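> Numbering (the UniProt record's numbering), first residue to last: 1 to 268. The structure is given below, and queries will be raised subsequently.
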């Protein structure tokens, strides 16, 4: 039998809800991280109500939802891979399914680091292929594919970023210069048609740019929340893309703008 402390408040006016959520958003931005229990105590309401508030704020992109709380949503800061893996998971799986359909036997593909490309790796494990070369700079992706019999796995090396399990830096760029890929699946943190493809890290941007140079086809994989966001380092203009695979929540105006620039857009 639930107690009154575990039940959401009833008959709350929209004004009170909106005001509380505004204050929660400001608190998250100030502190960087909050917990459900902390917020429930501060606002004298139930944990169920606070979870609802955080879910609503996360849906608008105001905060990043985590287990037991939330993180500040700051475009210029890297979100840990453990958090990314839980964000918009359903959309990322749909994007990964569309991406995996493009992969053919005997090809060489490049998988950039990221939670969406990790989902592509999971799809690859189930493909009925006899041979596939996979180049990746991501430790988590390499771990997923290392034991798959038909995969020939290549890692460029470099400096590890623990938050993303990715390798980058001059060594990684140099290692890619002698390679060629049929297609690159590029996970981007931000995509703005006027500025380009972006990531929070300069070394990652340099490596991504090299990945694009050695790939016959460049495919960005990004859920709709990444569109029209901005970040610190520019990888390259959107015209360097052949295709974007995103989810069906993408802003139609942005989709039309990209298609007008000759980029194929697939809505998963």
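Every residue gets a Cβ at the ideal spot worked out from N, C-alpha and C, and that includes glycine. Quantities reported herein were computed from a predicted structural model and do not represent experimental measurements.
Tell me the DSSP secondary structure of residue 204 in three-state form.
Three-state DSSP puts residue 204 in a helix.
> Taking only three categories from DSSP, how would you classify residue 76?
Any reading at residue 76 must be qualified, since the residue scores a pLDDT of 48, below 50, and its modelled position is unreliable; no value is offered.
> By how many angstroms is the C-alpha of residue 171 removed from the C-alpha of residue 39?
Distance between the alpha carbons of residue 39 and residue 171: 45 Å.
> Could you tell me the distance, in whole angstroms, from the CA atom of residue 19 to the CA atom of residue 230?
Each residue's alpha carbon lies about 28 Å from the other.
> Helix, strand or coil: how does DSSP classify residue 239 here?
Three-state DSSP puts residue 239 in a helix.
> Use the C-beta contact count for residue 67: other C-beta atoms within 10 angstroms, 16 or more gives buried, fewer gives exposed.
So residue 67 ends up on the exposed side.
> By the DSSP assignment, the alpha helix (DSSP H) with residue 116 in it spans what residues?
Residue 116 -> alpha helix (DSSP H) spans 115–125.
> Apply the 10 Å Cβ neighbour rule to residue 149 and answer buried if 16 or more other Cβ atoms are within range, or exposed otherwise.
Exposed: under 16 other Cβ atoms inside 10 Å.
> If you draw a straight line from the C-alpha of residue 42 to the C-alpha of residue 60, how long is it?
Distance between the alpha carbons of residue 42 and residue 60: 23 Å.
> Could you tell me which uninterrupted alpha helix (DSSP H) segments, each at least 4 residues in length, are contained entirely in the stretch 168–223, listed from first to last along the chain?
Complete alpha helix (DSSP H) runs here, min 4: 170–176, 202–213.
> Helix, strand or coil for residue 49 per DSSP?
DSSP places residue 49 in helix when its eight states are reduced to three.
> Would residue 168 pass as a contact of residue 138 if the rule is Cβ separation under 7 Å?
Cβ atoms of residue 168 and residue 138: not closer than 7 Å.
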